[in-house]
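**Student:** Take this structure, written in structure tokens, and hold onto it; I'll ask about it next.
Number of protein chains: 6
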Amino acid sequence: MPMLQVNLLRGYNSELKSRLSRVLTAVISGITRAKPETISVWIDEFDSDNYSRGGQVRQPGPGAADPETLVRDYLTAMEQRELDTARRYLSEDFVMTFPGSGDLTSLNQLVEWSKGRYRFVKKTVAAVNVAYEMGEVVVFVNGTLSGEWPDGAAFDSVRFIDRFEIRDDHLVRQDVWNDLANAQA
Amino acid sequence: MPMLQVNLLRGYNSELKSRLSRVLTAVISGITRAKPETISVWIDEFDSDNYSRGGQVRQPGPGAADPETLVRDYLTAMEQRELDTARRYLSEDFVMTFPGSGDLTSLNQLVEWSKGRYRFVKKTVAAVNVAYEMGEVVVFVNGTLSGEWPDGAAFDSVRFIDRFEIRDDHLVRQDVWNDLANAQA
Amino acid sequence: MPMLQVNLLRGYNSELKSRLSRVLTAVISGITRAKPETISVWIDEFDSDNYSRGGQVRQPGPGAADPETLVRDYLTAMEQRELDTARRYLSEDFVMTFPGSGDLTSLNQLVEWSKGRYRFVKKTVAAVNVAYEMGEVVVFVNGTLSGEWPDGAAFDSVRFIDRFEIRDDHLVRQDVWNDLANAQA
Amino acid sequence: MPMLQVNLLRGYNSELKSRLSRVLTAVISGITRAKPETISVWIDEFDSDNYSRGGQVRQPGPGAADPETLVRDYLTAMEQRELDTARRYLSEDFVMTFPGSGDLTSLNQLVEWSKGRYRFVKKTVAAVNVAYEMGEVVVFVNGTLSGEWPDGAAFDSVRFIDRFEIRDDHLVRQDVWNDLANAQA
Amino acid sequence: MPMLQVNLLRGYNSELKSRLSRVLTAVISGITRAKPETISVWIDEFDSDNYSRGGQVRQPGPGAADPETLVRDYLTAMEQRELDTARRYLSEDFVMTFPGSGDLTSLNQLVEWSKGRYRFVKKTVAAVNVAYEMGEVVVFVNGTLSGEWPDGAAFDSVRFIDRFEIRDDHLVRQDVWNDLANAQA
Amino acid sequence: MPMLQVNLLRGYNSELKSRLSRVLTAVISGITRAKPETISVWIDEFDSDNYSRGGQVRQPGPGAADPETLVRDYLTAMEQRELDTARRYLSEDFVMTFPGSGDLTSLNQLVEWSKGRYRFVKKTVAAVNVAYEMGEVVVFVNGTLSGEWPDGAAFDSVRFIDRFEIRDDHLVRQDVWNDLANAQA
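As structure tokens, this is what we get:
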């Protein structure tokens, strides 16, 4: 039953507005238990000379990148070992942690660390979930890993989950959990 | 800069409305990159005889439980082995998976399975994140485990993450990852 | 899909607001072909010190009587020949026309005119429709008549329609059509 | 004093929006007794990517034909005996009733039935009223008939009223009352 | 024709809201040339738990004193030489200027300065005008002075205007012009 | 914290809308004591076929001239003794009063009157304030005068204030106060 009206400065693209509507609907539904199909969202766009704050006309910002797309693109680049591409998604102070790795602060460090662990690894994604926190966006990716152990033996169906923190369209943190240790044991 | 107006039927409590405002603000901020302090949310509440859909007056629903509180309460009950309390948070078709456990469908099964693995385990929560999906809410809890191995030796600082799916105020799925296998190795 | 917000001064009763919502929904649906169940109406009520026009606070009016109820009550009073009651529904300049009667301006005139036509007549209402015109409300009642001819013979299933014009909660005009002449022939 | 805001998907033409405003104003005025000149209607149009229900973008419908125009066009076609044109306004299950005719289900049937009754008949319309019901629109046309009896004698000033039910831009029912029997007697 | 909706936190009194509506109407009318009687203002009041900025619930402020009342009360106190009362309306850094006085920073200074100028003076107010500037309110009072010269001779109809700057409900500046020098010459 | 939504017919230019937003913000801030930077103003513009009053579509008016600009342009024309230009800003019944002048009704009268008073005079404007009253706009200009006395001696830093009443984009009244008499004495 709820109705949302969102006043925005004009300039965001259709994909962003559609994503915004979907997430707002999911939030309203999740918190009020109203069924999504009874929730309507109206986005009212205003030219910049029709909005002021403190009596001053304001300019619209660019909007954030889709966090799911950002994370998927990063994961694809990593899987294909396109490190230069992958690095573009990282903030200056990016930190990542894998099972047993401690904090790693560069992709080179990660590549070095993973050498003795597997020849290669591929992710099959089961679900991506995005949590919007005040000031940052947290993306979770879970599914299964397949690949080859250092001795060439294959493995698959190994559960994993990645947790990414995003600020200003860049990854600031990646935390990885998986069952590789169990699988190897 | 964005402004949200939410039309709701009157009857939700202050905590729910405040939570709704915070999450909506975080979503708008996360998607548009507007700073939270420039985002205002106005909740306009309507008596049920002031709202109609299809020309029919509608009654407000009860609102959903706070998903973070629900998950924390469940984890507390489990940690204290208050299984009867814990069971009240579970749906009929609840399924859980731990590293190496496969699908478990009852808390008794879980208790049985974990016997040989540790004497007890305690969670120190670092972060809880809530992702609102259409039709379900997904809650992530990550942090570290401490406890005792079967031989009485203590362990701590073992990373973990739990992923919970919630529907209709009940947990339908729990997926757990942790570094216990690494820690034991 | 359409959404209506109606700003009203506080003070109208629930029945009136509910009727207003239903009629507005029917109008929106009839003109846009949107299905009624997708149309929501929000009535936002304002205390009189929260509304001004021309900078002046305004007082709410009393609201109009339900035109269908008004007409049905008038018809009941007439059927039961409670002329004093019926007269209260009429404006000063009320005029009525029946088949072959020409303009009649008082209920006494009507009673006189109808004497040779039937001993009594009863209405079975099939439908009441209300048309809102700028400045007046027009109510249509159609169905069948039953009763007795002057010779005591019974008749029934004689089609009729009444058209009433209402201004300021009073009937200003009644026009009647029926098949009594055909039935008699 | 009331104020209406109507949120619509963009795409309805000026005539429809103007008609919508007029009817909404008449309804509000008729129900609250506020004077029409104090009632304002604002139609806020939204591009389809700025509206969602259930998180899904929706497309605007075509809008309904003006019911008064539809009925007048049908009556004109019938008066000129352009039956093919007239038939385009009728639904599959169209039914009509004239004084003494019983239910007629085709225009041919009507033409046959009316043959012995008059050579031709013309309508002078005094008023058209439109009542919006949930799921259908009912149009009333009243005025006077003029024409020639089978023997060539002229008649005029014979009162009539037509009641039309419209669904999905087609007539589903026409009920006719008039004083022809009285005039002939 | 314009319509204003003002969202406010609940808690301002009727007088303030009525004054707000009048001034907003005058501003809209003065800038758009729409006639005041076509301008409606709706004040929508929200409980503090129904409004958030930056996801935080906000408390309503107290509202400012009516600037015209504040200035009139100060002038009355001065006319009656109730200096203690008058002082309560002044900010710490209050400055005033009269014709030929230069800057005076205390009421005592003013009383001293005016001694040789007149025995007493009374104001007849013709008009009070309030100009709302960003960050301050400027009040203008004009009319005529009457009183007695030091020699006991009476004077009247001497034009004057006072200009007051108000910040945080206190006078920060008073500038006075009048025709006393012309009258004396 | 307050939020204003202004519904306007489309057609006002950016400068007017920006001025409107500034003045509305200043009014809201001045009356509620909310800080300007927490006040947002949204101007929602409607095509004329999307607005009706009394069921009738309305045309937007032209908007008023900026009153500060109007007054400054008039003062500039007067200072440069471009009387024909200055006259275009005056209403038919324009009246002005200077210290000791009584009511003057034409610019020629003013020029005549001022002849013996100074050779020329120039204004240095310190502040312009605009007060919006219901039905008229009042503009105040204060600052200092410099110029030459009839004997050629220079003067400067003489305080002045002008009060202008504007209706329908024309000056209807000018009242002037200054310290020239004091300066001369």
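Going down the list, the protein sequences come from chains A, B, C, D, E and F. This note's numbering numbers the first residue of the first sequence as 1 and each following residue consecutively. This note's numbering numbers the first residue of the second sequence as 186 and each following residue consecutively. This note's numbering numbers the first residue of the third sequence as 371 and each following residue consecutively. This note's numbering numbers the first residue of the fourth sequence as 556 and each following residue consecutively. This note's numbering numbers the first residue of the fifth sequence as 741 and each following residue consecutively. This note's numbering numbers the first residue of the sixth sequence as 926 and each following residue consecutively. Glycine included, each C-beta is placed from N, C-alpha and C at the ideal position. Every value quoted in this text rests on a predicted model; they were computed, and no experiment measured them.
Does residue 922 (chain E) get closer than 7 Å to chain B when you measure Cβ to Cβ?
**Tutor:** For this step, residue 922 (chain E) is matched to residue 182 along the fifth sequence. Chain B contact via Cβ: absent.
**Student:** Per DSSP, what are the beta-bridge partners of residue 547 (chain C) in this structure?
**Tutor:** Within the third sequence, residue 547 (chain C) is the residue found at index 177, counting from 1. Note: residue 547 (chain C) sits in a beta bridge opposite C:531.
**Student:** Could you work out which residues of chain F lie near residue 756 (chain E), taking near to mean beta carbons separated by less than 9 Å?
**Tutor:** Reading the fifth sequence from its first residue, position 16 is the one you call residue 756 (chain E). The contacting residues are 956 and 957.
**Student:** Quick one: grab the DSSP three-state call for residue 606 (chain D).
**Tutor:** Against the fourth sequence, residue 606 (chain D) aligns to sequence position 51. Residue state, collapsed to three classes: strand.
**Student:** Going along chain C in order, which residues have a C-beta closer than 8 Å to the C-beta of residue 780 (chain E)?
**Tutor:** Numbered from its first residue, the fifth sequence carries residue 780 (chain E) at position 40. Correct list: 421, 422 and 423.
**Student:** Which first and last residues belong to the beta strand (DSSP E) in which residue 383 (chain C) is found?
**Tutor:** The residue you call residue 383 (chain C) lines up with position 13 of the third sequence. For residue 383 (chain C), no beta strand (DSSP E) run applies, since DSSP gives it neither H nor E.
**Student:** Tell me which same chain residues have a C-beta within less than 8 Å of the C-beta of residue 791 (chain E), skipping the five on either side of it?
**Tutor:** As a first step, residue 791 (chain E) must be located in the fifth sequence, where it is residue number 51. So the qualifying residues of the chain are 747, 749, 797 and 798.
**Student:** Just to confirm, is the Cβ distance from residue 447 (chain C) to residue 684 (chain D) under 7 Å?
**Tutor:** As a position in the third sequence, residue 447 (chain C) is number 77, starting the count at 1. As a position in the fourth sequence, residue 684 (chain D) is number 129, starting the count at 1. No; because the gap between Cβ atoms is not below 7 Å, this pair is not in contact.
**Student:** Using the C-alpha atoms, what's the distance from residue 661 (chain D) back to residue 641 (chain D)?
**Tutor:** Within the fourth sequence, residue 641 (chain D) is the residue found at index 86, counting from 1. Within the fourth sequence, residue 661 (chain D) is the residue found at index 106, counting from 1. Distance between the alpha carbons of residue 641 (chain D) and residue 661 (chain D): 11 Å.
**Student:** Give the single residue among F:951, F:1094, F:1104 and F:1079 whose Cα lies nearest to the Cα of residue 999 (chain F).
**Tutor:** Here residue 999 (chain F) refers to the residue found at position 74 of the sixth sequence. When each option's Cα is compared against that of residue 999 (chain F), the closest is F:1094.
**Student:** Anything in chain C within Cβ reach of residue 242 (chain B), meaning under 8 Å, just list it in chain order.
**Tutor:** As a first step, residue 242 (chain B) must be located in the second sequence, where it is residue number 57. The contacting residues are 388 and 391.
**Student:** Which partner residues does residue 129 (chain A) have in the DSSP bridge list?
**Tutor:** Here the question's residue 129 (chain A) lines up with position 129 in the first sequence. In the DSSP output, where bridge partners are listed per residue, residue 129 (chain A) has A:140.
**Student:** Residue 978 (chain F) and residue 592 (chain D) look like a contact to me (Cβ under 8 Å); what is the Cβ gap, rounded to whole Å?
**Tutor:** In the sixth sequence, residue 978 (chain F) corresponds to position 53, counting from 1. In the fourth sequence, residue 592 (chain D) corresponds to position 37, counting from 1. That belief holds up - the Cβ atoms of residue 978 (chain F) and residue 592 (chain D) are roughly 6 Å apart, short of 8 Å.
**Student:** Which residues, taken in chain order from the region 62-93 of chain A, show a beta carbon closer than 7 Å to some beta carbon of chain D?
**Tutor:** Cβ contacts with chain D come from no residue of the region 62-93 of chain A.
**Student:** Can you name the residues that DSSP bridges to residue 1047 (chain F)?
**Tutor:** Along the sixth sequence, read from residue 1 onward, the residue named residue 1047 (chain F) stands at position 122. In the DSSP output, where bridge partners are listed per residue, residue 1047 (chain F) has F:1071.
**Student:** Verify the CB distance criterion: does residue 783 (chain E) have a CB-CB separation below 7 Å to chain C?
**Tutor:** Reading the fifth sequence from its first residue, position 43 is the one you call residue 783 (chain E). Closer than 7 Å to some Cβ of chain C, the Cβ of residue 783 (chain E) qualifies, so yes.
**Student:** Is it the case that the Cβ atoms of residue 781 (chain E) and residue 764 (chain E) are separated by a distance below 7 Å?
**Tutor:** Within the fifth sequence, residue 781 (chain E) is the residue found at index 41, counting from 1. Within the fifth sequence, residue 764 (chain E) is the residue found at index 24, counting from 1. In this structure, residue 764 (chain E) lies closer than 7 Å to residue 781 (chain E) by Cβ.
**Student:** In whole angstroms, what is the alpha-carbon distance linking residue 955 (chain F) and residue 556 (chain D)?
**Tutor:** Translated into the one-based positions of the sixth sequence, residue 955 (chain F) becomes position 30. Translated into the one-based positions of the fourth sequence, residue 556 (chain D) becomes position 1. Spanning the two alpha carbons is a distance of roughly 28 Å.
**Student:** Determine the DSSP secondary structure at residue 801 (chain E), reduced to helix, strand or coil.
**Tutor:** The residue given as residue 801 (chain E) occupies position 61 in the fifth sequence. Coil, per DSSP.
**Student:** What does the alpha-carbon distance come out to for the pair residue 449 (chain C) and residue 617 (chain D)?
**Tutor:** Numbered from 1 along the third sequence, position 79 holds the residue referred to as residue 449 (chain C). Numbered from 1 along the fourth sequence, position 62 holds the residue referred to as residue 617 (chain D). About 46 Å.
**Student:** Kindly indicate which three-state DSSP category residue 761 (chain E) falls into: helix, strand or coil?
**Tutor:** Translated into the one-based positions of the fifth sequence, residue 761 (chain E) becomes position 21. Helix.
**Student:** Looking at C-beta atoms only, is the number of pairs between the region 139-157 of chain A and the region 97-112 of chain A that lie closer than 8 Å three or more?
**Tutor:** By the criterion of at least three beta-carbon pairs nearer than 8 Å, the region 139-157 of chain A is not in contact with the region 97-112 of chain A.
**Student:** The alpha helix (DSSP H) with residue 258 (chain B) in it runs from where to where?
**Tutor:** As a position in the second sequence, residue 258 (chain B) is number 73, starting the count at 1. Per DSSP, residue 258 (chain B) belongs to the alpha helix (DSSP H) from 252-264.
**Student:** In three-state terms, what does DSSP make of residue 454 (chain C)?
**Tutor:** Residue 454 (chain C) sits at position 84 when you count from the first residue of the third sequence. Helix.
**Student:** Can you pull the chain B neighbours of residue 406 (chain C), defined as C-beta to C-beta under 8 Å?
**Tutor:** Locating residue 406 (chain C) in the third sequence gives position 36, counting from the first residue. Neighbours of residue 406 (chain C) on chain B, chain order: 239 and 240.
**Student:** By a C-beta neighbour count over all protein chains shown, 10 Å radius and 16 as the cutoff for buried, is residue 664 (chain D) buried or exposed?
**Tutor:** Here residue 664 (chain D) refers to the residue found at position 109 of the fourth sequence. Exposed, because fewer than 16 other Cβ atoms sit within 10 Å of the Cβ of residue 664 (chain D).
**Student:** Report the rounded CA-to-CA distance for residue 1097 (chain F) versus residue 1069 (chain F), giving the unit in angstroms.
**Tutor:** Here the question's residue 1097 (chain F) lines up with position 172 in the sixth sequence. Here the question's residue 1069 (chain F) lines up with position 144 in the sixth sequence. The alpha-carbon atoms of residue 1097 (chain F) and residue 1069 (chain F) are separated by roughly 24 Å.
**Student:** Using the beta-carbon count (16 or more within 10 Å), is residue 481 (chain C) buried or exposed?
**Tutor:** Residue 481 (chain C) sits at position 111 when you count from the first residue of the third sequence. With fewer than 16 other Cβ atoms within 10 Å, it is exposed.
**Student:** Excluding five sequence neighbours on each side, which residues of the same chain lie with their C-beta closer than 6 Å to the C-beta of residue 1089 (chain F)?
**Tutor:** Numbered from its first residue, the sixth sequence carries residue 1089 (chain F) at position 164. Same-chain partners within the cutoff: 996, 1064, 1096 and 1099.
**Student:** For the alpha helix (DSSP H) that contains residue 852 (chain E), what are its first and last residues?
**Tutor:** The residue given as residue 852 (chain E) occupies position 112 in the fifth sequence. Where residue 852 (chain E) is concerned, the enclosing alpha helix (DSSP H) stretches over 847-854.
**Student:** Listing by chain order, which chain F residues have their CB less than 8 Å from the CB of residue 46 (chain A)?
**Tutor:** For this step, residue 46 (chain A) is matched to residue 46 along the first sequence. The contacting residues are 967, 968 and 969.
**Student:** Under a three-way DSSP split, which group does residue 398 (chain C) fall into?
**Tutor:** The residue labelled residue 398 (chain C) in the question sits at position 28 within the third sequence. Reduced to three states, the DSSP call for residue 398 (chain C) is helix.
**Student:** What residues in its chain sit with their C-beta under 6 Å from that of residue 391 (chain C), if we drop five residues either side in the sequence?
**Tutor:** Along the third sequence, read from residue 1 onward, the residue named residue 391 (chain C) stands at position 21. Within the same chain, residue 391 (chain C) has close Cβ partners 411.
**Student:** Considering residue 832 (chain E), what are the terminal residues of the beta strand (DSSP E) in which it resides?
**Tutor:** Locating residue 832 (chain E) in the fifth sequence gives position 92, where the first residue counts as 1. It spans 830-838 - the beta strand (DSSP E) in which residue 832 (chain E) sits, taken as one unbroken run.
**Student:** For residue 547 (chain C), I'd like the list of residues in its chain whose CB is within less than 6 Å of its CB, leaving aside the five on either flank, ordered along the chain.
**Tutor:** Residue mapping note: residue 547 (chain C) aligns to position 177 of the third sequence, counting from 1. Taken in chain order, the residues that qualify are 531.
**Student:** Cβ of residue 492 (chain C) within 7 Å of Cβ of residue 516 (chain C)?
**Tutor:** Working through the third sequence from its first residue, we reach residue 492 (chain C) at position 122. Working through the third sequence from its first residue, we reach residue 516 (chain C) at position 146. Against a cut-off of 7 Å, the Cβ pair of residue 516 (chain C) and residue 492 (chain C) comes out as a contact.
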